[in-house]
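Just so we're aligned: 374 in our numbering is position 2 of the sequence shown, and the numbers increase by one with no gaps anywhere.
All C-beta atoms, glycine included, are put in the ideal place defined by N, C-alpha and C.
Treat the numbers as computed from the prediction; the structure is a model and nothing was measured.
One structure is given below, encoded as structure tokens.
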Amino acid sequence: AEERADIAESQVNKLRVKSREVHTKIISEE
């Protein structure tokens, strides 16, 4: 169960990083 939680957490972190990169890209392009 703990392993699954770690995997889910890492996936969420990856999504957060992706969205953060997208936001910075949009801001820098403006």
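Compute the Euclidean distance between the alpha carbons of residue i and residue j, then round it to the nearest angstrom.
i	j	result
arginine 376	valine 389	20 angstroms
serine 382	glutamate 402	31 angstroms
histidine 395	leucine 387	12 angstroms
glutamate 374	isoleucine 398	36 angstroms
alanine 380	serine 400	30 angstroms
valine 384	glutamate 393	14 angstroms
Can you name, in chain order, every residue of its own chain whose Cβ lies under 8 angstroms from the Cβ of residue i, other than the five neighbours on each side?
i	result
serine 391	none
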